[in-house]
Amino acid sequence: MGGNPLSITDLLLINKRYKCEVPDRTCGVHGSVKCRNGGFVNPNDCTRCVCPFGLTGVLCTKRDRGRLNDGPCGADLEATSTWKTVKGSIWTGEIDPNTDYVFTHCHWLIKAPPHVKIILKFVNVESSGKSPLSCLRGGTELKTGDFHVGGFKFCKENQIAPFHEFVTDSNLALINLFVHFGATEFEIKYKLLSSEDFHSVYV
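Residue 29 in UniProt numbering sits at position 29 of the sequence shown; the count goes up by one each step and never skips.
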(Lines of atoms letter the chains of each structure in order from A and count residues from 1; the text may use other names and numbers.)
(Lines give C-alpha, C1' and ligand atoms only; values in the text may rest on other atoms or scores of the structure.)
Protein backbone atom coordinates (compact mmCIF):
# COMPACT_ATOMS: atom_id res chain seq x y z
CA MET A 1 0.00 0.00 0.00
CA GLY A 2 1.12 3.59 -0.49
CA GLY A 3 1.64 3.54 -4.25
CA ASN A 4 0.35 6.16 -6.62
CA PRO A 5 -2.23 5.45 -7.81
CA LEU A 6 -3.78 3.14 -5.23
CA SER A 7 -4.06 -0.41 -6.52
CA ILE A 8 -7.36 -2.22 -6.81
CA THR A 9 -6.34 -4.38 -3.83
CA ASP A 10 -5.71 -1.21 -1.79
CA LEU A 11 -9.18 0.10 -2.64
CA LEU A 12 -10.84 -3.22 -1.84
CA LEU A 13 -8.96 -3.45 1.47
CA ILE A 14 -10.11 0.05 2.44
CA ASN A 15 -13.71 -0.82 1.59
CA LYS A 16 -13.50 -3.97 3.70
CA ARG A 17 -11.86 -2.13 6.60
CA TYR A 18 -14.61 0.47 6.76
CA LYS A 19 -17.35 -2.05 5.94
CA CYS A 20 -18.20 -0.38 2.63
CA GLU A 21 -18.47 -3.60 0.63
CA VAL A 22 -21.71 -3.98 -1.27
CA PRO A 23 -23.98 -6.43 0.61
CA ASP A 24 -27.13 -8.00 -0.81
CA ARG A 25 -29.24 -5.72 1.38
CA THR A 26 -27.80 -2.67 -0.41
CA CYS A 27 -28.20 -3.76 -4.02
CA GLY A 28 -30.59 -6.65 -3.66
CA VAL A 29 -29.67 -10.23 -4.45
CA HIS A 30 -29.83 -9.57 -8.19
CA GLY A 31 -29.30 -5.83 -8.09
CA SER A 32 -25.55 -5.48 -8.55
CA VAL A 33 -23.47 -5.86 -11.68
CA LYS A 34 -21.06 -8.73 -12.30
CA CYS A 35 -17.68 -7.03 -12.53
CA ARG A 36 -15.00 -8.52 -14.75
CA ASN A 37 -11.21 -8.46 -14.95
CA GLY A 38 -10.70 -8.08 -11.21
CA GLY A 39 -13.10 -5.19 -10.59
CA PHE A 40 -15.56 -4.96 -7.70
CA VAL A 41 -18.99 -3.37 -7.30
CA ASN A 42 -18.87 0.35 -6.56
CA PRO A 43 -20.34 0.79 -3.04
CA ASN A 44 -21.83 4.13 -4.14
CA ASP A 45 -23.40 2.81 -7.35
CA CYS A 46 -24.57 -0.79 -7.66
CA THR A 47 -24.69 -0.46 -11.45
CA ARG A 48 -20.96 0.21 -11.89
CA CYS A 49 -17.64 -1.34 -10.97
CA VAL A 50 -14.41 -0.03 -9.47
CA CYS A 51 -11.74 -1.15 -11.93
CA PRO A 52 -8.06 -2.09 -11.76
CA PHE A 53 -5.50 0.43 -13.02
CA GLY A 54 -5.63 0.53 -16.81
CA LEU A 55 -9.26 -0.56 -17.18
CA THR A 56 -12.56 1.29 -17.11
CA GLY A 57 -16.19 0.96 -18.17
CA VAL A 58 -19.27 -0.28 -16.36
CA LEU A 59 -17.89 -3.83 -16.06
CA CYS A 60 -14.13 -3.09 -16.35
CA THR A 61 -13.96 -4.42 -19.90
CA LYS A 62 -12.66 -1.27 -21.58
CA ARG A 63 -9.19 0.26 -21.73
CA ASP A 64 -8.55 3.41 -19.75
CA ARG A 65 -7.74 6.10 -22.33
CA GLY A 66 -4.90 7.36 -20.16
CA ARG A 67 -3.56 10.84 -19.59
CA LEU A 68 -0.73 12.34 -21.64
CA ASN A 69 -0.53 16.12 -22.09
CA ASP A 70 -4.24 16.34 -21.23
CA GLY A 71 -5.10 13.93 -24.04
CA PRO A 72 -5.66 10.18 -24.46
CA CYS A 73 -2.90 7.70 -25.24
CA GLY A 74 -2.36 3.98 -25.64
CA ALA A 75 -4.35 1.67 -27.92
CA ASP A 76 -6.59 -1.37 -28.27
CA LEU A 77 -4.65 -4.09 -30.09
CA GLU A 78 -5.42 -7.47 -31.63
CA ALA A 79 -2.93 -10.32 -31.45
CA THR A 80 -2.43 -12.47 -34.56
CA SER A 81 -0.35 -15.52 -35.42
CA THR A 82 2.62 -13.35 -36.43
CA TRP A 83 4.77 -11.20 -34.16
CA LYS A 84 3.72 -7.56 -33.81
CA THR A 85 5.53 -4.77 -31.99
CA VAL A 86 4.06 -2.13 -29.71
CA LYS A 87 6.06 0.84 -28.41
CA GLY A 88 5.22 3.45 -25.81
CA SER A 89 7.01 6.40 -24.28
CA ILE A 90 6.28 9.28 -21.92
CA TRP A 91 8.41 12.30 -21.12
CA THR A 92 7.22 14.91 -18.63
CA GLY A 93 10.01 17.39 -19.35
CA GLU A 94 13.20 18.26 -17.54
CA ILE A 95 13.19 17.14 -13.92
CA ASP A 96 12.71 20.10 -11.58
CA PRO A 97 12.27 19.56 -7.81
CA ASN A 98 10.11 22.69 -7.67
CA THR A 99 7.62 21.40 -10.23
CA ASP A 100 4.41 19.67 -9.18
CA TYR A 101 4.18 16.91 -11.77
CA VAL A 102 0.89 15.37 -12.85
CA PHE A 103 0.78 11.57 -12.77
CA THR A 104 0.88 10.50 -16.41
CA HIS A 105 -0.20 7.09 -17.67
CA CYS A 106 -0.99 5.25 -20.91
CA HIS A 107 -2.49 1.80 -21.46
CA TRP A 108 -2.50 -0.86 -24.16
CA LEU A 109 -5.07 -3.67 -24.07
CA ILE A 110 -4.14 -6.64 -26.25
CA LYS A 111 -6.88 -9.12 -27.15
CA ALA A 112 -6.93 -12.58 -28.67
CA PRO A 113 -9.90 -14.73 -29.72
CA PRO A 114 -11.72 -16.46 -26.83
CA HIS A 115 -9.77 -19.32 -25.22
CA VAL A 116 -6.55 -18.35 -27.04
CA LYS A 117 -3.55 -17.11 -25.06
CA ILE A 118 -0.99 -14.44 -25.95
CA ILE A 119 2.80 -14.69 -25.78
CA LEU A 120 4.81 -11.51 -25.17
CA LYS A 121 8.47 -10.57 -24.83
CA PHE A 122 10.23 -7.32 -24.00
CA VAL A 123 12.57 -5.83 -26.59
CA ASN A 124 13.38 -2.80 -24.46
CA VAL A 125 12.29 -1.09 -21.24
CA GLU A 126 13.82 2.03 -19.72
CA SER A 127 13.10 4.72 -17.14
CA SER A 128 14.93 7.84 -15.97
CA GLY A 129 14.91 6.66 -12.34
CA LYS A 130 18.39 6.33 -10.83
CA SER A 131 17.75 3.15 -8.88
CA PRO A 132 18.05 -0.03 -10.99
CA LEU A 133 15.57 -1.82 -8.75
CA SER A 134 12.94 0.84 -8.07
CA CYS A 135 10.21 2.04 -10.42
CA LEU A 136 9.35 4.96 -8.14
CA ARG A 137 9.55 7.59 -10.90
CA GLY A 138 7.94 5.46 -13.55
CA GLY A 139 8.00 2.19 -15.40
CA THR A 140 6.10 -0.42 -17.39
CA GLU A 141 3.65 -2.88 -15.88
CA LEU A 142 2.64 -6.01 -17.79
CA LYS A 143 -0.45 -7.87 -16.61
CA THR A 144 -0.89 -11.36 -17.99
CA GLY A 145 -3.24 -12.92 -15.48
CA ASP A 146 -5.51 -11.80 -12.66
CA PHE A 147 -5.88 -8.05 -13.17
CA HIS A 148 -6.95 -7.79 -9.54
CA VAL A 149 -3.33 -8.13 -8.44
CA GLY A 150 -0.28 -6.18 -9.54
CA GLY A 151 1.53 -7.24 -12.69
CA PHE A 152 5.20 -7.50 -13.62
CA LYS A 153 6.78 -4.04 -13.19
CA PHE A 154 10.01 -3.10 -14.94
CA CYS A 155 11.95 0.13 -15.33
CA LYS A 156 15.34 -1.21 -16.44
CA GLU A 157 16.17 -3.77 -19.11
CA ASN A 158 18.47 -5.73 -16.78
CA GLN A 159 15.48 -6.55 -14.56
CA ILE A 160 14.23 -9.01 -17.20
CA ALA A 161 15.89 -12.37 -17.75
CA PRO A 162 17.31 -12.65 -21.28
CA PHE A 163 14.90 -14.16 -23.80
CA HIS A 164 12.15 -14.41 -21.18
CA GLU A 165 8.68 -14.79 -22.67
CA PHE A 166 5.40 -14.13 -20.87
CA VAL A 167 2.16 -16.01 -21.50
CA THR A 168 -1.29 -14.78 -20.55
CA ASP A 169 -3.73 -16.80 -18.46
CA SER A 170 -6.61 -15.79 -20.74
CA ASN A 171 -7.07 -13.97 -24.05
CA LEU A 172 -6.13 -10.57 -22.59
CA ALA A 173 -2.90 -8.76 -21.82
CA LEU A 174 -2.64 -5.26 -20.34
CA ILE A 175 0.36 -2.94 -20.57
CA ASN A 176 0.43 0.05 -18.21
CA LEU A 177 3.04 2.77 -18.78
CA PHE A 178 3.27 5.28 -15.93
CA VAL A 179 5.43 8.26 -14.97
CA HIS A 180 5.45 10.59 -11.98
CA PHE A 181 8.23 12.69 -13.48
CA GLY A 182 11.00 12.12 -15.99
CA ALA A 183 10.83 9.64 -18.85
CA THR A 184 9.95 6.01 -19.41
CA GLU A 185 9.56 3.80 -22.46
CA PHE A 186 9.04 0.21 -23.59
CA GLU A 187 8.98 -1.97 -26.66
CA ILE A 188 7.16 -5.32 -26.56
CA LYS A 189 6.54 -7.99 -29.17
CA TYR A 190 3.40 -10.12 -29.00
CA LYS A 191 1.44 -12.76 -30.89
CA LEU A 192 -1.01 -15.61 -30.39
CA LEU A 193 0.42 -18.56 -28.51
CA SER A 194 0.75 -21.66 -30.68
CA SER A 195 1.79 -25.26 -30.05
CA GLU A 196 5.19 -24.44 -31.56
CA ASP A 197 5.87 -22.01 -28.71
CA PHE A 198 5.41 -24.48 -25.87
CA HIS A 199 8.93 -25.92 -25.94
CA SER A 200 10.55 -22.51 -25.33
CA VAL A 201 8.09 -20.73 -23.05
CA TYR A 202 8.37 -20.44 -19.29
CA VAL A 203 6.39 -18.12 -17.05
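In this text, a Cβ means the ideal position worked out from N, Cα and C, and glycines have one as well.
query: Rounded separation between Asn69 and Phe103 - CA only; result: 10 Å
query: His105 - partner residues in DSSP beta bridges; result: Arg67 and Phe178
query: Distance, Pro43 Cα to Lys16 Cα; result: 11 Å
query: Counterpart residues of Ala183 in DSSP-defined beta bridges; result: Trp91
query: Element boundaries [beta strand (DSSP E), containing Arg48]; result: Asp45 to Val50
query: Touch test, the region 175-190 against the region 140-154, Cβ-Cβ under 8 Å, three pairs minimum; result: yes
query: Span separating the alpha-carbon of Ile118 from that of Ser170; result: 8 Å
query: Assumed close pair Arg67, Asp76 - CB separation to whole angstroms, cut-off 8 Å; result: Incorrect: roughly 17 Å between the Cβ atoms, too far for contact.
query: Cα-Cα separation between Leu136 and Gly54, rounded to whole angstroms; result: 18 Å
query: For Leu142, the first and last residue of its enclosing beta strand (DSSP E); result: Gly138 to Lys143
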